[in-house]
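Every letter in the sequence shown is one number past the one before it in my numbering, and letter 75, counting from 1, is 79.
Below is one structure, written out as C-alpha cells; the observations come after it.
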Amino acid sequence: MANPGGFTVWLTGMLGAGKTTLAEYVAARLRQVGRNVEILDEETLAAVMWKEVGDTKEDRLTIGRRIGFVGGETPPGDGRKWWQRLFGE
Numbered sequence: 005m006a007n008p009g010g011f012t013v014w015l016t017g018m019l020g021a022g023k024t025t026l027a028e029y030v031a032a033r034l035r036q037v038g039r040n041v042e043i044l045d046e047e048t049l050a051a052v053m054w055k056e057v058g059d060t061k062e063d064r065l066t067i068g069r070r071i072g073f074v075g076g077e078t079p080p081g082d083g084r085k086w087w088q089r090l091f092g093e
C-alpha cells in the first residue's frame with residue numbers, strides 16, 4: 005500500500021459519552037485496511053502526564069502542550085487558538 009498520508013481524528017464530548025469506545029472501533033477498522041493508528045486517550049495519558057496539573061487556564065494550556073508534544077506538535081502561546089487553527093473550530 006502506498007503511503008496515503010496521515011490524518012487526525014479528534015473526538016470530544018462529555019465524560020462517559022463513548023469517545024474511547026468509538027476511537028477503538030475506528031482504530032480497528034483502520035488497522036483492517038492497513039493503516040497505522042495511535043489512540044491518545046485522556047484517561048490513559050492523565051495518569052502519566054499530568055496527574056499533578058490542576059484546572060487553571062495555564063494548567064489546561066500545559067495539558068494541551070503535553071498532548072501536542074506526544075502527537076508531534078507543540079502549540080505556541082495560547083494553545084486553544086493554536087489547536088483551533090490546526091483542527092478547525
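Quick reminder that beta carbons are idealized off the backbone N, C-alpha and C, glycines included.
CA nearest to the CA of residue i, picked from the options
i: residue 70; options: 61, 60, 12 and 53; result: 53
i: residue 41; options: 32, 49, 48 and 47; result: 32
i: residue 99; options: 65, 60, 45 and 61; result: Examination of residue 99 is not possible in this model, given that the chain is present from 5 through 93 alone.
i: residue 72; options: 49, 28 and 9; result: 49
Closer than 9 Å to chain D by CB, residue i
i: residue 10; result: Among the protein chains of the structure shown there is no chain D, as only one such chain exists.
Anticipated Cβ contact below 8 Å, residue i with residue j, distance rounded
i: residue 15; j: residue 26; result: 6 Å
i: residue 13; j: residue 30; result: 6 Å
Residue range of the unbroken alpha helix (DSSP H) whose run includes residue i
i: residue 52; result: 46-53
i: residue 33; result: 23-36
Other residues of its chain near residue i: CB distance less than 6 Å, five sequence neighbours each side excluded
i: residue 63; result: 57
Close beta carbons around residue i, own chain, < 8 Å, minus the five adjacent residues each side
i: residue 47; result: 24
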